[in-house]
Amino acid sequence: MAMDKTFDAKTAEKRIYEMWENAGAFKAGANASRDETFAIMLPPPNVTGHLHVGHAFNHTIMDMLTRWKRMQGYDTLWQPGLDHAGIATQLMVEKELAATGQPKRTELGREKFLEKVWEWKGEKGGMIEQQARRLGDSMDWSRSAFTMSGAESAPATEKPGNFHDAVLKVFVELYNQGKIYRGKRLVNWDPHFETAISDLEVENIEVDGHMWHFKYPLAGGETYEYVEKDEDGNVTLRETRDYISIATTRPETMLGDGAVAVNPKDERYAPIVGKLCEIPVGPKAQRRLIPIITDPYPDMDFGSGAVKITGAHDFNDYEVAKRGNIPMYSLMDTKGAMRADGKPYVEEAATAQAIANGAQEFDEAMIAAMNLVPEEYRGLDRFEARAKVVADITAEGLAVMHDVTRIEKDEDGNKVEVTETVPYVEAKKIMQPFGDRSKVVIEPALTDQWFVDTDKIVGPALDAVKEGRTKIMPESGEKVFYHWLENIEPWCISRQLWWGHQIPVWYGPRISRNDKTGQEWLDFDNPVVLCAQNFNEALDLYHDHKQGWGGAAFDLQYLEAENAEAAEKKTRENPGNNYLWRDPDVLDTWFSSGLWPFGTLGWPAEDEAMKYFPGDVLVTGQDILFFWVARMMMMSQAVLKDDPFHTVYLHQLVRDEKGEKMSKTKGNVIDPLDMIDAYGADALRMSNAAMAALGGVLKISEDRIKGYRNFGTKLWNAFSFAQHYEIAYPGDAQRPVATQTVNKWIIGETGKVREEVDAALESYRFNDAANALYAFTWGKVCDWYLEFSKPILQGEDAAAKSETEQTLRWVLDQCLILLHPIMPFITEELWGLADSRAKMLVHADWPTYTAAELVDADADREMNWVIALIENTRSARAQSHVPAGAKVALVVTGLDAKGQSAWDNNAALIQRLARIDSLTAVDAFPKGCVTIPMDGGTFGLPLADLIDVPEEIARLEKTLQKLAKELGGLRGRLNNPNFVASAPEEVVAEAKENLALREGEEAQIKAAIARLKELG
RNA sequence: GGGUGAUUAGCUCAGUUGGUAGAGCGCUUCCUUUACACGGAAGAUGUCGGGAGUUCGAGCCUCUCAUCACCCA
12 MAMDKTFDAK TAEKRIYEMW ENAGAFKAGA NASRDETFAI MLPPPNVTGH LHVGHAFNHT
72 IMDMLTRWKR MQGYDTLWQP GLDHAGIATQ LMVEKELAAT GQPKRTELGR EKFLEKVWEW
132 KGEKGGMIEQ QARRLGDSMD WSRSAFTMSG AESAPATEKP GNFHDAVLKV FVELYNQGKI
192 YRGKRLVNWD PHFETAISDL EVENIEVDGH MWHFKYPLAG GETYEYVEKD EDGNVTLRET
252 RDYISIATTR PETMLGDGAV AVNPKDERYA PIVGKLCEIP VGPKAQRRLI PIITDPYPDM
312 DFGSGAVKIT GAHDFNDYEV AKRGNIPMYS LMDTKGAMRA DGKPYVEEAA TAQAIANGAQ
372 EFDEAMIAAM NLVPEEYRGL DRFEARAKVV ADITAEGLAV MHDVTRIEKD EDGNKVEVTE
432 TVPYVEAKKI MQPFGDRSKV VIEPALTDQW FVDTDKIVGP ALDAVKEGRT KIMPESGEKV
492 FYHWLENIEP WCISRQLWWG HQIPVWYGPR ISRNDKTGQE WLDFDNPVVL CAQNFNEALD
552 LYHDHKQGWG GAAFDLQYLE AENAEAAEKK TRENPGNNYL WRDPDVLDTW FSSGLWPFGT
612 LGWPAEDEAM KYFPGDVLVT GQDILFFWVA RMMMMSQAVL KDDPFHTVYL HQLVRDEKGE
672 KMSKTKGNVI DPLDMIDAYG ADALRMSNAA MAALGGVLKI SEDRIKGYRN FGTKLWNAFS
732 FAQHYEIAYP GDAQRPVATQ TVNKWIIGET GKVREEVDAA LESYRFNDAA NALYAFTWGK
792 VCDWYLEFSK PILQGEDAAA KSETEQTLRW VLDQCLILLH PIMPFITEEL WGLADSRAKM
852 LVHADWPTYT AAELVDADAD REMNWVIALI ENTRSARAQS HVPAGAKVAL VVTGLDAKGQ
912 SAWDNNAALI QRLARIDSLT AVDAFPKGCV TIPMDGGTFG LPLADLIDVP EEIARLEKTL
972 QKLAKELGGL RGRLNNPNFV ASAPEEVVAE AKENLALREG EEAQIKAAIA RLKELG
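Quick note on numbering: the first sequence equals residues 12 to 1027 in the working numbering.
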């Protein structure tokens, strides 16, 4: 059956993939012939995700490695799976509920909402797993994991799994080891999703903002001499002030100020340090006074040099407040509006004043409960509140003013200067934090959150890289890794979401005793924390707490209530019962994906698959180094005392061909599936491999993909060539013992490329592997070997013909095997052309022959000489305008023994490929001969009358010029005694050899020019 | 502001202990020669961002300047 003209990727890819999958070709351990394992964990895509070019790129890398190792007989696993993606998924489902007119999340309640999420996941989640198949990914789909598998809320229809167990177990263990704690800390709060988010989920964007300047009057109308000096100490300003000037970009947070800080070195404010000043906003009668303190944080040259300290709403202020024990008053609710809860402002302000005066003790809980927002601001959105604060202060005359002069036209049209005194407001660029998903301004918020004490687990991860147990590629990633881990912050792992792993912590009312009366009671405000994997275990812990207290009085029935309020209410209403409740928060998705290297392998259950831990290589985008890679390393060490992988391969963001980020708004998104539709998966993969230079910029170009599609067709046509010559293809080709120079040569070239490819793959230089195979298949096999074989295949020498057929088959098989990890589909298809094969190509044995075994130096030299002769002849023909189709005579003079032998061995193919009708040795060139200088003899094309003498002289002189440049360099080096003395021997020898060769060539050309000149 | 990286042919990029620059695409000319026009043959194109230094020798190492990108504040 004749082959199709080209490979029909559209239909064949689907068929071939199904064949592999049905045969279980990708299952863990498939084709294993040795005990060593090779495991790659797929970075789990979001369950909501779709395949984009970044996936296509890193999947190609992982698949190349996996297929390569599998063919080498390793016990291989490429572990797939999905990440539950807390915010993204919750958002997706909420949108869908809204779009389909269903009740909102809050109306549904937690349980019902989670049902909806699972429903959505069952129907639409994990699309990306189907898309990944189109790339040819050889993952073990039967093992596909999900970070929420085994969760309490999972429906029976879900594939079983126990990832949830791993997450809870790790949480409980780390909690018991004191590595997880709950605390009030300033976190990035997303007012849209009403949850904490991590630093890494915040994008800082420069926006146009304002800097307002306000006066904070000194308490009791006190005054001081405010003096400004220039660099030389000369006084530039001296005035008596009764206020301190404060600059802020966020006036609405003034309501929560706890102090004003100045730099201890700042002489301007030295007279008033320790005094009180008034926050110039809120009801006049209850203006709060706050202390002026010193702290190294304020920059004397920035603004007025005095900074208002609002610990609950700014990260820098938070640190200052902690240092100075300044209360941090929270002003906003979860939606970013000014608080409307708590006691009336009058009472709260009085308490705050007592604290500021040092008359009242305070603690965190007390401060948190206080609402210092005056009634007129309560309930306002934070941005409305800002405008109102500015307006109110300005109206009261407490804004810092300055004069602005502008030119206006009066009634008669005359230009007049108008000077006004207006509030001093600087328009300036400020960096503002935005939620990367919600796109709203992130509000630093003081809330109760769960943290991993990263300081306690970061050590082993750092050591892994420092000690070389884990290698980061490219190496530059290591510096970045150190920098980040050495300055690591506590990791906030709680999220105020519903979709995710609910924190395995229950609370029970604390049993307390009134010291005076001896009466025992249940304290719901200060509950006992019970960290356990389930309610029953939590209850056991509660019983431990109960020991030693009231005895029979608390011998109650213990039940679980939905939240703290319900527990208290139900306990009061049901005297026989006591209720516990669970922490409503869920864990950060990265907490669970941090367990990916072993959670996917059945842990904590005893599972045979745990033999794949530790895995080998992690392939991911460099932007995710901290998000995920560092966390996996920390968690694997914390839990299993081992590194999760020995190599981290980082790649850059995949961009469009101009190097710009792809984005929907720019419209420059390239969909990998479109590329596969147009050019086939192999072309996309080859293109990915070819651009995978370590640390390189990834710019995807459709032209390039198209080029690699053409390469596939070239390979296809090489097989079509074999079929054309009716070369039988019974099965796996054996390497013949070659006698023909051409065959020896191509076998040697194959040995070289095998080594090159392995060396490249071993060092993660995928571009080198791809380019070596491209150059070999196209540049060596198709351009030369197939051409060389034609005269033999068409010739009468049966033995030579048979040997060549065998060699050809073998070489083509090697192309398929070596290319398979990069281009699996077309190679598997071509592999199937043979009558019978021991195995599918996906399981074919990867070769181990070496260049040393296969290269025949004489054959190598001879064929390179033949190729050079053909190329030089073609070049001379073309430049002398010999018609492409015309056959001409070739003569040679002064041929040495090696040349003679090469000539004799390869006359037929030289004639064919250089379009020569006769080869003749002559003593002297006839007149008008085009010269072709070669090592070991001078060749010539006797073109007699055809030759254009001046043009031929020009051609030779041009060659001579190039040669002269080279010769100059070589002679310069060799004449330099320092070079000969200090350069390595082989470099000197090479230069000498090269020089001799070039000098020979030069002589030949000079002789030729002399001949031509005689003629002219 | 801190960090990292980049700057090489018209374009997109390689270039692994420093030995005298390559690929793909594009371009020019010729060729439908029995594997392949998604092809074949030939050809042109680079003060390797600027400057200085180390060295017999620098695209590669050092310093400096310029421009750009990304990450983190």
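Ideal placement from N, C-alpha and C gives every residue a C-beta, glycine not left out.
Q) What span of residues does the alpha helix (DSSP H) with M138 cover, start to end? A) It spans M138 to L146 - the alpha helix (DSSP H) in which M138 sits, taken as one unbroken run.
Q: Check each candidate in M30, G269 and P309 and name the one with the smallest Cα separation from A365.
A: Selected option, being the one with the closest Cα: G269.
Q | I283 to D536 span [Cα, whole Å] | A | 41 Å
Q. Which of the three DSSP states, helix, strand or coil, is assigned to H554?
A. DSSP places H554 in helix when its eight states are reduced to three.
Q: For my contact list, S315 and I257 are in at a C-beta cut-off of 8 Å; report their separation, rounded to the angstrom.
A: 6 Å
Q | C-alpha distance - K791 paired with I757, whole-angstrom precision | A | 8 Å
**Q.** V181 (DSSP reduced to helix, strand or coil)
**A.** helix
Q: Report the residue ranges of all alpha helix (DSSP H) runs contained in full by the region 149–202; include only those spanning at least 4 residues, in chain order.
A: 174–187
Q. Whose C-beta lies closer than 6 Å to the C-beta of G610 among residues of the same chain, with five residues either side of it excluded?
A. Closer than 6 Å at Cβ, skipping near neighbours: F174 and A177.
Q: Could you tell me the boundaries of the beta strand (DSSP E) in which V429 lies?
A: K426 to P434
Q. Any idea if V415 is buried or exposed, counting beta-carbon neighbours within 10 angstroms, 16 or more meaning buried?
A. exposed
**Q.** Coarse secondary structure for M381, derived from DSSP in three states
**A.** Here M381 sits in coil by DSSP.
Q. Do D599 and R448 have their C-beta atoms within less than 8 Å of each other?
A. no
(Q) Please report the straight-line C-alpha distance between V238 and H413, rounded to a whole angstrom. (A) 18 Å
Q. Of all the beta strand (DSSP E) runs that stay within the bounds of the region 946–996, which reach a length of 3 or more residues?
A. As far as the region 946–996 is concerned, its whole beta strand (DSSP E) runs of at least 3 residues are 948–953.
Q | R593 in three-state terms, based on DSSP | A | In the structure shown, R593 sits in a strand (DSSP, three-state: E or B).
Q. Helix, strand or coil for F792 per DSSP?
A. The residue asked about is misnamed: residue 792 is Val in this sequence, not Phe. Correct three-state label for V792: helix.
Q: Ignore the nearest five residues each way along the sequence and tell me which others in M697's own chain have a CB closer than 7 Å to its CB.
A: Y719, F722, A781, I833 and M834
Q: Give the DSSP bridge partners of C940, in chain order.
A: According to DSSP, C940 bridges with P953.
Q: Output the boundary residues of the alpha helix (DSSP H) element that contains Y736.
A: Where Y736 is concerned, there is no enclosing alpha helix (DSSP H), given that its DSSP letter is neither H nor E.
Q.
Nearest by alpha-carbon distance to L300: which of F313, I320, Y308 and L819 is it?
A. I320
Q: Could you name the residues that DSSP lists as bridge partners for G220?
A: K439
Q | Assumed close pair E500, D210 - CB separation to whole angstroms, cut-off 8 Å | A | 7 Å
**Q.** Nearest candidate by alpha-carbon position, reference A39, set S155, Q544 and T59
**A.** S155
Q: Answer with buried or exposed for A992, where buried requires no fewer than 16 other C-beta atoms within 10 angstroms of its C-beta.
A: exposed
**Q.** Cut-off 6 Å between Cβ atoms - residues of its own chain near W510, not counting five sequence neighbours on either side
**A.** G97, T100, Q101 and V128
Q) At which residue ranges does the region 867–934 contain complete beta strand (DSSP E) runs of 3 or more residues, listed in the order of the chain? A) If we require 3 residues or more, the beta strand (DSSP E) runs fully inside the region 867–934 come out as 899–904 and 927–932.
Q) Which ranges would you report for the alpha helix (DSSP H) in the region 82–142 if only whole runs of at least 4 residues count? A) 97–110, 116–119 and 121–135
Q) Helix, strand or coil: how does DSSP classify A578 here? A) helix
Q. W727 and F18: beta carbons closer than 8 Å?
A. yes
(Q) Check for me: the alpha helix (DSSP H) holding K755 runs from which residue to which? (A) T752 to E773
Q: Classify E807 as helix, strand or coil using the three-state DSSP reduction.
A: Reduced to three states, the DSSP call for E807 is coil.
Q.
From the DSSP secondary-structure annotation, give me the bridge partner or partners of E454.
A. W200
Q) Excluding sequence positions up to five away, which residues of its chain have a Cβ less than 8 Å from the Cβ of G161? A) P171, G172, N173, F174, H175 and D176
Q: Compute the Euclidean distance between the alpha carbons of Q83 and H854, then round it to the nearest angstrom.
A: Each residue's Cα considered, the two are about 9 Å apart.
Q: Answer yes if the region 737–751 comes into contact with the region 812–821, meaning at least three C-beta pairs across the two stretches below 8 Å, and no otherwise.
A: yes
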